[in-house]
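Residues in the sequence shown are numbered consecutively from 48, following this note's numbering. C-beta atoms are modelled at their ideal positions from N, C-alpha and C, and glycine is treated no differently. Let me begin by presenting the structure, written as structure tokens, before commenting on it.
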Amino acid sequence: MRRFSCAERYATRTVLPTRVKHMSDATAVSVTSRVWRTLLTLLPSSAGPIAIQHAPLTARGQLGSLREPFSSIQYPTGTRAHLIDAVGQVLEPLGAAASTFDGHPELAQLNADIVRFRDLTMIRRAEVLSCLNCMTEQRVAFQLVPALSWAEHYADPDGCCVLYEAARSLIRVKPQDQQSRRVLERISRQDVNPRLATAAAIQLGAASVRLDHDLDAAAKALDVADQRRAEVDRTDTPFVADLLDSRYYRALALLALKQRDFKLLRSSMDGTMTAAMALMARTTPADEYPLLVARENMRLVVEVHLVAATGAEKPDQFSRWAKRLLDLDPEDPFTWQYLSIYGARCGCVVEAALAASGMAIIGGLDHVGVSEALGAARVGDFRDDDLVEKILGTLESLVRPEKPARIEQPMSVA
């Protein structure tokens, strides 16, 4: 890690509170509107979190070279509804037959598909559910699940994808309900779609670790995932094969971290990064959805490395992966939250406090957390001078003084 000279350190400490305060004062409406515009309106945009950029593509069924939706990250259920209230946006609820969404054709089309869900093709059902999961409208997706004919879906390659997305909704709406685990376990055993069988087993393994704290069940699920991924056609679907490899090793790394099996952890971390890099190499800017899936996957792989560095109490490695995460997904408020949480655990007090302010500023809560940053900046010490400057520089580049594009209707932060 590069260290500031005494003069540089004094200069940075002196102006740091002013820089943070200036960003906080300058932003609320402009940054919030840019970051959350796609989540609220389904309008395509290259701004905002990578995970949310999937929504317009799945809503329109524009999956590029992929057969099924393979989005991964889900924000907490109800995030969109909370934001609608917080920013004063007037939008009708999704799923109501009477909703017209005047002025929002993308939302109107999605709502029409929700209303006639039973009449959609299998793959269109999967796209609609995937979009709702991405938009944090898992409760709307959950309400569509009773309309599914389970036996019919298990026997159909695209039907398995529908059930996979339904299980993802169930996990979010009812985290402790075992129905989602049963659905995933059954998908992992079907023979009509090895890709979804592998994905379901990986999802089951991750849920067993994160939600059930059942490491034995997780190990069994990941053993199944390892067996099923060998059946994936790597010639016909090399992108999906690399994606599933990266997801498998990432879940295995999570299990190894909990088991404190550091040999397995190292090999799994290498495996997930190698597959993630191969995945990125297969993408092109013209094939937009696969590119987003690959970028999202890389972001998750970097997160795993960040967590592992924190667990190993290696601040230098934490700083390395923190900077990488800022490069990958700077307009995702949860990027800043992770840096704050794991930075604090690593002893990077100033960096963590600044990241907390970053989440507040990027997420649209303006002054929340800024006082903590100012206090830490005055009394704390920097663990990594470059990371401090990276955080501040990234924030300042996002908080642009130009007039923001509005979200159709004026926004105000509550």
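Next item on the list: If I'm right that Lys462 touches Leu445 with Cβ under 8 Å, what's the distance once you round it to whole angstroms?
Entry: Residue 462 is absent from the model: the chain starts at 48 and stops at 461.
Next item on the list: Please report the Cβ distance between Thr330 and Tyr296, rounded to the nearest whole angstrom; I am assuming they are in contact, meaning their Cβ atoms lie under 8 Å.
Entry: Rounded, the Cβ-Cβ distance is 19 Å, inconsistent with contact.
Next item on the list: In angstroms with no decimal places, state the Cα-to-Cα distance between Ser146 and Leu251.
Entry: 36 Å
Check: Going along the chain, which unbroken runs of the beta strand (DSSP E) with 3 or more residues stay wholly within the segment 343-411?
Finding: none
Check: Hey, out of Thr321, Ala402 and Leu210, whose CA is closest to Leu381's CA?
Finding: The residue you asked about is not Leu; residue 381 is Phe in the sequence shown. Phe381 has its Cα closest to that of Ala402, out of Thr321, Ala402 and Leu210.
Checklist line | Straight-line Cα distance separating Arg171 from Arg114 | finding: 11 Å
Next item on the list: Helix, strand or coil for Ala424, going by three-state DSSP, please let me know.
Entry: In this prediction, Ala424 scores a pLDDT of 45, lower than 50, which makes its location untrustworthy; the coordinate-derived value is nonetheless stated afterwards. If DSSP states are grouped into helix, strand and coil, Ala424 belongs with the helices.
Notebook entry, point to check: Does DSSP put Met182 in a helix, a strand or coil?
Noted result: coil
Margin query: Would the segment 360-369 count as touching the segment 378-397 if we require 3 or more Cβ pairs under 8 Å?
Written below: yes
Item checked: Beta-carbon contacts of Asp292 that lie in its chain and below 6 Å, excluding the five residues immediately before and after -> Ala322
Notebook entry, point to check: Quick one: Cα of Ala247 to Cα of Pro222, how far?
Noted result: 16 Å
Notebook entry, point to check: When the Cα atoms are used, what is the spatial distance from Gly422 to Cys395?
Noted result: At Gly422, the pLDDT of 46 sits below 50, so the modelled position is not reliable; the number obtained from the coordinates is stated separately. The alpha-carbon atoms of Gly422 and Cys395 are separated by roughly 14 Å.
Item checked: Cβ distance (whole Å) where Ile99 is taken to contact Cys181 below 8 Å -> 7 Å
Next item on the list: Output the residue ranges of the alpha helix (DSSP H) runs that lie fully inside the segment 127-169 and measure 4 residues or longer, sorted by chain position.
Entry: 152-162
Checklist line | Rounded C-alpha distance that separates Leu442 from Gly405 | finding: 7 Å
Notebook entry, point to check: For Cys393, which residues from the same chain have a beta carbon less than 6 Å from its beta carbon, with the 5 sequence-adjacent residues on both sides left out?
Noted result: Thr357, Pro362 and Phe365
Next item on the list: Enumerate, from N- to C-terminal direction, the unbroken alpha helix (DSSP H) stretches of 4 or more residues contained entirely within the segment 168-235.
Entry: 169-181, 185-191, 197-201 and 204-220
Checklist line | Gln306 - containing alpha helix (DSSP H), residue span | finding: Pro285 to Gln306
Next item on the list: Can you give me the Cβ contacts of Thr105 inside the same chain, cut-off strictly under 6 Å, excluding the 5 residues immediately before and after it?
Entry: Pro116, Glu174, Ser177 and Cys178
Margin query: For a quick check, are the C-beta atoms of Ala300 and Met324 less than 8 Å apart?
Written below: no
Notebook entry, point to check: Which word fits Ser93, buried or exposed, when buried means at least 16 other C-beta atoms lie within 10 angstroms of its C-beta?
Noted result: exposed
Checklist line | Distance, Arg242 Cα to Arg276 Cα | finding: 7 Å
Next item on the list: Would you mind stating whether Arg233 and Tyr201 have Cβ atoms separated by less than 8 Å?
Entry: yes
Check: In terms of residues, what are the limits of the alpha helix (DSSP H) holding Asp280?
Finding: That residue, Asp280, is in no alpha helix (DSSP H); it is neither H nor E in DSSP.
Margin query: Can you tell me where the alpha helix (DSSP H) holding His101 begins and where it ends?
Written below: Ile97 to Arg107
Check: First and last residue of the alpha helix (DSSP H) that includes Val256?
Finding: Pro241 to Arg257
Check: Using a C-beta cutoff of 8 Å, does Asp308 count as contacting chain C?
Finding: Of the protein chains in the structure, only one exists, and it is not chain C.
Check: By how many angstroms is the C-alpha of Ser235 removed from the C-alpha of Ala214?
Finding: 12 Å
Next item on the list: Would you mind giving the Cβ-Cβ distance between Pro103 and Glu153, rounded to the nearest angstrom? I have them listed as a contact below 8 Å.
Entry: 6 Å
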